[in-house]
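Take a look at the structure set out below.
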Amino acid sequence: MGVLRNSACLRQWLTRVGGICLLLFVTVPAAVGQALTENRSPRVLVLYPYDERIAATTVAGEAIRARLLDATGAKIDLFSEFLDLARFPDEDYMDRMAQFLVTKYSGRSPDVVIALGEQSAKFVVTHRATLAGVAKIIVAGFNKSTALKLKMPPDVIGAFTEFNITKTAELARRLHPSARHLFVLGGSSEFDRWWLETAKADLAEFSKDYDTTYLEDLTIEEFVAQAAAFPPDSIALALTIFQDRSGRNFIPRDAIKQITATASAPIFGPYSTYIDYGSVGGNVVTFEALGESVADLTLDALHGKPITHIQAPHFDVVDARQLKRWGLSERNLPPGTFQMYRQPTFLEQYWLTALVVSAVITLQSVFIIILLFERRRRRTAEVESRHRLLEVIHLNQSATAGALSASIAHELNQPLGAIRSNAEAASIVLRSACPDLKLIEQILTDIQDDDQRAHDIISRMRGLLKKRAEIEWQEFDLSELTATAIKILKGEAVRRGIEVSSTPAREPLLVRADKVHVQQVVLNIAINAMDAMTKAGKERKLTLETRLTKDAKAELSISDSGEGIPDGKFAAIFEPFYTTKPSGTGLGLSIARTIVETYGGRIMASNGGDGGAVFRVILPLARAEAR
Ligand code: ADP
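Everything in the sequence shown is counted per this note's numbering, starting at 1 for the first residue and increasing by one.
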């Protein structure tokens, strides 16, 4: 029984087909190659047993057509005849059909005739000798034993479809290795019984490993009931059920569908047509593969090559939905098994998206790691540079202290000298006959005041030299800080003959910064200003003024009556190492700018109306929103 036999039409026709047929083709051994000698395209006639709606034959026929057109570059004449023998099985019809074909092809004898299915084969083989023409005959779609029954002459070549049920049984065993029961289902028609007997012989060895039951001579209802009661550790093999015990006829796949619907164990079958009807799958011949094999035989025949019987290739085919239904793992499938209705896995379906997404995530992760690393590096560098800055500021403080040391020493001398004079005066008073105690008390008070003055000078000096390991954030009044700076500078200003005046802002100017650093800014600018007022004969005035700007910032301006800053140098003076002094370092203003900018401020230089320089330091208020 061949794949084409899966149709009720075929079976019906087989039972009725008679012996009266017209003679179609006369076999001439040298038929093939005729086209070459006549220098024309080869002619191939495909005989279909039914009409064009029977998929089994049309799918195979289309595969033949596609392969032949492709291989010959479309230089081939292809003819198709749908014999419709299922609906017209009577002898008269076949006579008329044969006569019709004789007439139709009298001037165009085919080089090769392909008979698809048993009926077509029988039609051709029975009547070939009475029809003029030369043709190689290829039959396809049934098995060898059917061919023997047809008594095919030896030069008729077949593409046979052998159904060895053991291959399907092996597939079932691989998929369900724990199964202990085997059920084999077969119908009650003549063919069904023959198939069952063949299967029993084929499975003789295989079935030894199982508790085997052959389900035969049952009605469809009994088949359904038996299948519903299969133990779970069972595999079942469905052969054909063209007829059940009650004589009801079926298209086998429809009977299989009824049985698999409520079966309690997986059912396998050797036909691809069962796949969509509840069968898990089996070792099957597909109509496409059959057609392609027939086309290859035809091409060989057309090229004059000797051809012999072949077997159409078999494939293991399974229905992925049934694997899922029965919990059968696709890992157990033999290599090369074709899975129908397989839902691609997420990765298979969206592999490109998944690839892009994972690439993006990987890239992002790499970027994030680089950025984190970079941030860490930057933080380390910032800490490093802050420490360097603090070092530089401290060096700058030391240099300032050095520059002011002479005046500070001089300033310190005054209270010390006064203390000494007062002490001497007190001892004189004490040595008198009648010491004036009130006077002595006054002298001691003066000594205490002078001591306080000396103490203030020393503590300012200490403040000037204070070294910071880290910035100390404080809130302080910029005007008060300016007043302290003036006190430090006062001695030096007196020494240089410079008049210092200051105008503090009316309101407190609270800023947030390290006091010692801002004081250093004031000292740097003020000492520069004093340096700029060395010219003899000119009035020397240093003015410090604090005020609140219109945009609510604290501003300190330091102006002098010196020579001013040359045009075009207003920016250059803030660059490191820019100096016009013989013993200058060129670092004072550059450090001042760095400090001011560290606390969010700005520093600017210009020349005033009287020609002297004016430096303005602007700092944000500690609590700007309070204004
Ligand atoms: P240094 O005082 O060691 O030269 P600074 O950075 O403090 O370094 O000053 C850089 C230069 O800016 C000074 O050499 C001077 O030419 C100029 N400068 C600074 N302050 C004034 C000022 N008030 N008047 C004129 N020029 C000034």
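From the three backbone atoms N, C-alpha and C, an ideal C-beta is built for every residue, glycine too.
query = In the DSSP assignment, what residue or residues form a beta bridge with Asp-77?
reply = For Asp-77, which the question treats as bridged, DSSP gives the partners Arg-43.
request  = Decide if His-176 is buried, meaning its Cβ has at least 16 other Cβ atoms within 10 Å, or exposed.
outcome  = Buried.
key: Within 8 Å, strictly: CB atoms of Glu-507 and Leu-481   = No.
inquiry  = Is any non-hydrogen atom of the ligand ADP found closer than 7 Å to the C-beta of Asp-560, if you look at the structure I gave you?
reply    = Asp-560: yes, Cβ under 7 Å from the ligand ADP.
message = In the DSSP assignment, the alpha helix (DSSP H) including Gln-448 goes from what residue to what residue?
response = 437-464 is the extent of the alpha helix (DSSP H) around Gln-448.
task = Give me the Cβ distance between Arg-593 and Phe-574, rounded to the nearest whole Å; I'm assuming they're in contact under 8 Å.
result = About 5 Å; that satisfies the 8 Å criterion.
Coarse secondary structure for Phe-88, derived from DSSP in three states = Coil.
task = Return yes when the C-beta of Leu-556 is under 7 Å from any heavy atom of the ligand ADP, and no when it is not.
result = Leu-556: no, Cβ never under 7 Å from the ligand ADP.
ask   = So is Ile-370 buried or exposed if we call it buried at 16+ other beta carbons inside 10 Å?
value = Using a 10 angstroms sphere on the CB of Ile-370, the tally of other CB atoms stays under 16, which defines it as exposed.
query = What does a CB cutoff of less than 6 Å around His-394 pick up in its chain, not counting 5 residues either side in sequence?
reply = If we look at His-394 and ignore the five residues flanking it on each side, its Cβ neighbours are Lys-467.
request  = Output the distance between the C-alpha atoms of Leu-196 and Ala-255, rounded to the nearest integer angstrom.
outcome  = Straight-line Cα distance between these residues: approximately 16 Å.
Residue span of the alpha helix (DSSP H) that contains His-410, given as start and end = From DSSP, the alpha helix (DSSP H) with His-410 extends over 351-431.
task = Kindly examine the ligand ADP and report whether one of its heavy atoms sits closer than 7 Å to the Cβ of Ser-485.
result = Strictly speaking, residue 485 in this sequence is Ala, with Ser absent from that position. The ligand ADP has no heavy atom closer than 7 Å to the beta-carbon of Ala-485.
Coarse secondary structure for Lys-136, derived from DSSP in three states = The answer is strand: DSSP assigns Lys-136 an E or B state.
message = So, under 8 Å CB-CB, Asp-202 and Asn-164 are touching, yes? Tell me the CB distance rounded to an integer number of Å.
response = Contact between Asp-202 and Asn-164 holds: CB atoms are separated by about 6 Å, below the 8 Å threshold.
inquiry  = Comparing C-alpha positions only, which one of Ala-225, Asn-283 and Gly-247 sits nearest to Ala-261?
reply    = Nearest to Ala-261 by C-alpha distance, out of Ala-225, Asn-283 and Gly-247, is Ala-225.
ask   = According to DSSP, is Asn-164 helix, strand or coil?
value = It is coil, neither helix nor strand.
Cβ distance (whole Å) where Ala-115 is taken to contact Leu-68 below 8 Å = The beta-carbon distance between Ala-115 and Leu-68, rounded to whole angstroms, is 16 Å. This is too long to meet the 8 Å contact definition.
key: Anticipated Cβ contact below 8 Å, Ala-159 with Ala-312, distance rounded   = Confirmed, about 5 Å.
ask   = Sorted by chain position, which residues of the same chain lie with C-beta nearer than 8 Å to Gly-61's C-beta, five sequence neighbours on each side aside?
value = The answer, listed in chain order, is Val-46, Tyr-48, Ser-80, Leu-116 and Gly-291.
ask   = Between Asn-607 and Gln-474, what straight-line distance do the alpha-carbon atoms span, to the nearest angstrom?
value = Near 32 Å, if we compare the C-alpha coordinates of Gln-474 and Asn-607.
inquiry  = Let me confirm a value: Ile-447 is counted as buried when at least 16 other C-beta atoms fall within 10 Å, else exposed. Which label applies?
reply    = The residue in question, Ile-447, is buried, as its Cβ has 16 or more Cβ neighbours within 10 Å.
ask   = Any heavy atom of the ligand ADP closer than 7 Å to the Cβ of Glu-563?
value = Yes, the ligand ADP has a heavy atom inside 7 Å of this Cβ.
message = For Arg-553 and Ile-498, I'd like the C-alpha separation in whole angstroms.
response = Sequence check: residue 553 is Lys here, not Arg. Taking the straight line from one Cα to the other gives about 29 Å.
query = Taking 7 Å as the cut-off, is the CB of Asn-396 close to at least one heavy atom of the ligand ADP?
reply = Taking the Cβ of Asn-396 as the reference point, every heavy atom of the ligand ADP lies at 7 Å or farther away.
inquiry  = Could you check whether the Cβ of Ala-529 sits closer than 7 Å to any heavy atom belonging to the ligand ADP?
reply    = Checking every heavy atom of the ligand ADP against the Cβ of Ala-529, one is found closer than 7 Å.
ask   = How long is the line joining the alpha carbons of Gln-452 and Ala-418, rounded to whole angstroms?
value = Computed Cα separation, rounded: 12 Å.
task = State the start and end residues of the unbroken alpha helix (DSSP H) segment that holds His-303.
result = For His-303, there is no enclosing alpha helix (DSSP H), as DSSP gives it neither H nor E.
key: Distance between Pro-252 and Val-113 (C-alpha atoms, nearest Å)   = Roughly 30 Å separates the two Cα atoms.
Reduced DSSP secondary structure (H/G/I, E/B, other) of Ala-227 = Helix at Ala-227.
task = Starting from Leu-556, trace the beta strand (DSSP E) both ways and give me its first and last residue.
result = Run containing Leu-556: 553-560, per the beta strand (DSSP E) assignment.
ask   = Would you report the Cα separation of Gln-519 and Ala-454, rounded to the nearest angstrom?
value = Spanning the two alpha carbons is a distance of roughly 20 Å.
query = Would you call the CB atoms of Gly-611 and Gly-564 closer than 8 Å?
reply = Yes. Within cutoff.
Any non-hydrogen atom of the ligand ADP within 7 Å of Ser-590 CB = Remark: the shortest separation between the CB of Ser-590 and any heavy atom of the ligand ADP falls under 7 Å.
ask   = What is the rounded straight-line gap between the Cα of Gly-562 and the Cα of Leu-478?
value = About 25 Å.
inquiry  = Suppose you measure from the CA of Thr-179 to the CA of Tyr-93; what does that come to, to the nearest Å?
reply    = As written in the sequence, residue 179 is Ala, which differs from the Thr given in the question. Straight through space, the alpha carbons of Tyr-93 and Ala-179 are spaced by roughly 52 Å.
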